[in-house]
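Quick note on UniProt numbering: the sequence shown kicks off at 1 and runs consecutively. All residues carry an ideal CB built from backbone N, CA and C; glycine is no exception. Small disclaimer: the values here were computed from a predicted structure and weren't measured.
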Amino acid sequence: MYSRLRKLDWSLIVSALLLSGAGLLTINGIGTEESSVFFKKQLLFLGIGLLVMLGISFFDYRILKNHSLILLVIYIISVASLIFVLFSGEIRGSSSWFRLGSLSFEPIEFVKIVIILILAKYFSLRHIELYRIRHLIVSGIYIGLPVLAVILQPDMGSALVLVSIWLGVVIVSGIKMRHLALLLLIAIILSAVGWAGILREYQKQRILSFLNPQNDPYG
1 MYSRLRKLDW SLIVSALLLS GAGLLTINGI GTEESSVFFK KQLLFLGIGL
51 LVMLGISFFD YRILKNHSLI LLVIYIISVA SLIFVLFSGE IRGSSSWFRL
101 GSLSFEPIEF VKIVIILILA KYFSLRHIEL YRIRHLIVSG IYIGLPVLAV
151 ILQPDMGSAL VLVSIWLGVV IVSGIKMRHL ALLLLIAIIL SAVGWAGILR
201 EYQKQRILSF LNPQNDPYG
């Protein structure tokens, strides 16, 4: 146990704790009743995060590497959670939250980790065959299912994050330039379709404000 603890990146852990502590002090310093509630929730989440981090640090990742079926089952469960959450009711205009009493969480945050793992596993087995377009298609299906689910919630931000994860893994894996050009062309077409018929007005305004901050009515 102690040998594993010594191998942890303590500089990274301390930096994260300092940032978290600064955030807690900022929230607590607001001095309102609402900020006190947020402070307690944030402190609880920090404690849970530390426990999860310690638990994962003792987990042997090679179990997932050597047993693809386990990872596939986790993927199926995670995608199913994105579908089930559609029927959990709306919070802030989006059906992307599970409620546990007074607490709520987004399953998409767990799905992001699962997507990274399953894509890494898939391409590690087929890195010498990346010239075959079918591997891009299969990996696209892995990412396409959760992307479709979060679009239905609707949560375009998380959908873009998932696509970015997939694109990053594909590029790092050694995709051919002509395949990358094809992906960019498809992305342009899908972006045009999404802008014309999928994105809501407030989502368009967010994108326009990001591209041109001077025209943001809220500064």
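Nearest-angstrom Cβ-Cβ length linking Y75 and I118, presumed shorter than 8 Å: 5 Å
Opposing strand residues paired with F59 [DSSP bridges]: F59 is not bridged to any residue.
Closest by C-alpha distance to L162, when choosing among E201, K121, T26, V111: V111
Own chain, CB closer than 8 Å to L43, minus 5 neighbours either side, in chain order: L24
Minimum C-alpha distance to I108 - residue among L184, I83, I70: I83
Own chain residues within Cβ distance below 8 Å of L86, not counting five before or after: S95, A149, L152, Q153
Nearest-angstrom Cβ-Cβ length linking S124 and W166, presumed shorter than 8 Å: Wrong, their Cβ atoms sit about 15 Å apart, outside the cutoff.
L82 - containing alpha helix (DSSP H), residue span: 68–84
Neighbour-count burial assignment, L155, 16 or more Cβ in a 10 Å radius: Per the sequence shown, the amino acid found at residue 155 is Asp instead of Leu. Buried, because 16 or more other Cβ atoms sit within 10 Å of the Cβ of D155.
Beta-carbon separation (whole angstroms), I70 vs I77, contact threshold 8 Å: Not quite, the Cβ-Cβ distance comes to about 11 Å (not below 8 Å), so this is no contact.
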